[in-house]
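S.K.: Protein chains in written order, with the working numbering: chain A, 39 to 460; chain B, 120 to 291. The beta carbon of each residue, even a glycine, is placed where N, CA and C say it ideally should be. Below are the structure tokens for one structure; questions will follow.
Okay, here's the thing in structure tokens:
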């Protein structure tokens, strides 16, 4: 029987070189990413375990991003612990509060390449599947065990195949596509599974658009969201890590999939999708919610805070004003994105339109800082989760959408199809 | 030989619905609290604000499908264990919550149709090893797929850290 991407990628990290769906394997990790959870939870666990030296300080990335710069004395203390740990352990890869969001800075630093096994202490670590790598999120205890041993056990996931062909219409983004897929699958439709994306649409997508899709596979419960390496990914990895050796991974033709889904965007053109409160799987065509008043519009996060997201927002906001009853907050995914947006003139456009442009942080997406919602407030957001209370007060509501839909909504003050503002 | 950590659990049921996500268990804004006893005061604050005040040792969380979806935060099972919750029974779990609960030594059992048979406040006797539940009020018995050997080993050790130390000791 042939092997899926997940089986092949995990197999190369086991001692025996084998991995089949359903089996439990011990695998060696190529890179572990940890953020504030290092200081708050992992360091105390390492102490309890009696671990003095971590397994390999060159294979760990530490990022201070969730509350960056520190939003209160507690997050400040966590950042202090992280900085001390990085020094004590001689960790090579460290991003302090001036870098950006972990899932963006890790690929920017060239720390993921095809075939890798990357683990992050964050559920959106599925993002790196866009780079033809096996990546998933685990939490504090597993991260501590990896820091101690460099290894971790995994149940090799069953895989489902989603083949996508056709063009995304103007102003319709990969975010709309993944919101539709998550809504079709349901919040646990891919629980424990690997989602493999195939087809010409994914093959021709930009790195940023691919990252958005793999990022949100976890919202359907998936363990990972994997893609083949396309030209954009190959160029990215070659530019960012020129000395690295790697071989793209492809599934066997006779690999076994528990589900096969075909999406034809030419036969059934996709509309902009908005996920209604309080579930990312609650996606509806924008026409069903157009006209709904919002208090805040947010563009940012590991899902949609990249340059192409800011570019489309700038196109919509150019020469227009943010509606007087709405505050538009834009948070770039990284410092690099910030600088690129500055040079491209987008920030000028945003500020002229009356938006707030912040430093890079997870910030508003997790109800942390720089855009927390008050009681009864409604936010349209380019982020990944609209659980009750996710972005602030339990009585606030979050509608998930693409950066284009968020920008159009900010201009009109009510949820708006971005195609109306072309 | 069974460790004491896996003795049967008797406690009152706290009933929840489907898709209880990690923000309902513990909101993101409390994650910077370094003291778990402080954080635990906010467990289930949105769906059941009285939970942390009224929960008793060995009480049992009973839920529908996809319990614990969303964030990877280990704080979600950890605050429940901090409050003395004896185990979580659900029709299904999100993978991260399931793994995290076992890692911190909180037993989790998948029991089909559990929310159809159990009412809020009923007294349950749960045999973790057999994955069996007896409802005291009705006498009904429910059961699910038993936990795998590896999961039982981790739970018996008291969680993945204790398990790691035990395995390390045994190799010395």
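Taking all protein chains shown into account, decide if residue 268 (chain B) is buried (16 or more other Cβ within 10 angstroms of its Cβ) or exposed.
M.R.: exposed
S.K.: Between the Cα of residue 336 (chain A) and the Cα atoms of A:255, A:72, A:416, A:97, which residue gives the shortest distance?
M.R.: The closest CA to that of residue 336 (chain A), considering only A:255, A:72, A:416, A:97, is found on A:416.
S.K.: In the DSSP assignment, what residue or residues form a beta bridge with residue 260 (chain B)?
M.R.: Residue pairing for residue 260 (chain B): DSSP places it in a beta bridge opposite B:253.
S.K.: How big is the Cα-Cα spacing for residue 182 (chain B) and residue 226 (chain B)?
M.R.: Answer to the nearest angstrom: the Cα atoms are 14 Å apart.
S.K.: If you follow the alpha helix (DSSP H) that residue 234 (chain A) is in, where does it begin and where does it stop?
M.R.: No alpha helix (DSSP H) contains residue 234 (chain A), which is instead part of the beta strand (DSSP E) from 232 to 236.
S.K.: Name the chain B residues that come within less than 7 Å of residue 432 (chain A), Cβ to Cβ?
M.R.: 165
S.K.: Note down, in chain order, all residues in the region 408 to 439 of chain A with a beta-carbon under 7 Å from any beta-carbon belonging to chain B.
M.R.: 423, 425, 426, 427, 428, 432
S.K.: What does DSSP give as the partner residues of residue 246 (chain B) in its beta bridges?
M.R.: For residue 246 (chain B), the beta-bridge partners assigned by DSSP are B:251.
S.K.: With residue 235 (chain B) as the anchor, note down where its alpha helix (DSSP H) starts and where it stops.
M.R.: Looking at the DSSP string, the run of the alpha helix (DSSP H) that includes residue 235 (chain B) is 233 to 236.
S.K.: So with CB distances below 7 Å, who are the chain B contacts of residue 79 (chain A)?
M.R.: 193
S.K.: Excluding the 5 residues preceding and the 5 following residue 358 (chain A) in the sequence, name in chain order all residues of the same chain whose CB lies nearer than 7 Å to its CB.
M.R.: 391, 449
S.K.: Out of A:342, A:347, A:414, which one is the CA nearest neighbour of residue 403 (chain A)?
M.R.: In terms of Cα proximity to residue 403 (chain A), the closest of A:342, A:347, A:414 is A:342.
S.K.: Are the C-beta of residue 71 (chain A) and some C-beta of chain B separated by less than 7 Å?
M.R.: Contact of residue 71 (chain A) with chain B is not assigned, every C-beta pair being separated by 7 Å or more.
S.K.: Mapping DSSP to helix, strand and coil, what is residue 287 (chain B)?
M.R.: When secondary structure is reduced to three states using DSSP, residue 287 (chain B) falls in the helix class.
S.K.: Ignore the nearest five residues each way along the sequence and tell me which others in residue 258 (chain A)'s own chain have a CB closer than 6 Å to its CB.
M.R.: Result list for residue 258 (chain A): 220, 223, 227, 228, in chain order.
S.K.: Compare the C-alpha of residue 77 (chain A) against each of A:297, A:114, A:419, A:443 and name the closest.
M.R.: Checking every option, the nearest Cα to that of residue 77 (chain A) belongs to A:114.
S.K.: Any idea if residue 307 (chain A) is buried or exposed, counting beta-carbon neighbours within 10 angstroms, 16 or more meaning buried?
M.R.: Counting of Cβ neighbours within 10 angstroms places residue 307 (chain A) among the exposed residues, the total staying below 16.
S.K.: At which residues does the alpha helix (DSSP H) containing residue 175 (chain B) begin and terminate?
M.R.: From DSSP, residue 175 (chain B) is part of no alpha helix (DSSP H); its letter is neither H nor E.
S.K.: Count the C-beta pairs between the region 207 to 216 of chain B and the region 158 to 172 of chain B that are closer than 8 Å, then say yes if the count reaches three, no if not.
M.R.: no
S.K.: Could you tell me which chain B residues have their CB closer than 9 Å to the CB of residue 110 (chain A), listed as they occur along the chain?
M.R.: 151
S.K.: Given that a residue counts as buried once 16 or more other Cβ atoms are within 10 Å of its Cβ, and exposed if not, what is residue 321 (chain A)?
M.R.: Answer is buried; the Cβ neighbour count reaches 16.
S.K.: Can you find at least 3 beta carbon pairs, one from the region 440 to 460 of chain A and one from the region 343 to 356 of chain A, that sit closer than 8 Å?
M.R.: yes
S.K.: For residue 215 (chain B), does the three-state DSSP call read helix, strand or coil?
M.R.: helix
S.K.: Mind listing, in chain order, the continuous alpha helix (DSSP H) runs of no fewer than 4 residues lying wholly within the region 105 to 184 of chain A?
M.R.: 111 to 127, 140 to 146
S.K.: So, is residue 249 (chain A) buried or exposed, given that buried needs 16 or more other C-beta atoms within 10 angstroms?
M.R.: buried
S.K.: Could you check the C-alpha separation between residue 93 (chain A) and residue 187 (chain A) for me, to the nearest Å?
M.R.: If I take the Cα positions, the gap works out to 6 Å.
S.K.: Assign residue 41 (chain A) to buried or exposed, taking buried as 16 or more other Cβ atoms, counted over all protein chains shown, within 10 Å of its Cβ.
M.R.: buried
S.K.: List the residues of chain B that residue 261 (chain A) touches, going by C-beta distances under 8 Å, in chain order.
M.R.: 214
S.K.: Relative to the C-alpha of residue 195 (chain A), which candidate in A:260, A:346, A:384, A:70 has its C-alpha closest?
M.R.: Of the listed residues, the one whose Cα sits closest to residue 195 (chain A) is A:260.
S.K.: Just verifying my parser: in three-state terms, what is the DSSP assignment at residue 228 (chain A)?
M.R.: Coil at residue 228 (chain A), not helix or strand.
S.K.: Can you check whether the C-beta of residue 167 (chain A) is within less than 7 Å of a C-beta belonging to chain B?
M.R.: no
S.K.: What do you get for residue 286 (chain B), buried or exposed, if any count of 16 or more other CB atoms within 10 angstroms of its CB means buried?
M.R.: Exposed: under 16 other Cβ atoms inside 10 Å.
S.K.: In the structure shown, what three-state DSSP assignment does residue 370 (chain A) receive?
M.R.: coil
S.K.: Please tell me whether residue 43 (chain A) and residue 149 (chain A) are closer than 7 Å, where the distance is taken between their beta carbons.
M.R.: no
S.K.: Taking the C-alpha atoms as reference points, what is the distance between residue 39 (chain A) and residue 171 (chain A)?
M.R.: Note on geometry: alpha-carbon atoms of residue 39 (chain A) and residue 171 (chain A) lie some 22 Å from one another.
S.K.: Mind reading off the beta-carbon distance from residue 189 (chain B) to residue 234 (chain B)? Whole number of angstroms is fine, and I expect it under 8 Å.
M.R.: About 20 Å separates the two Cβ atoms, so there is no contact after all.
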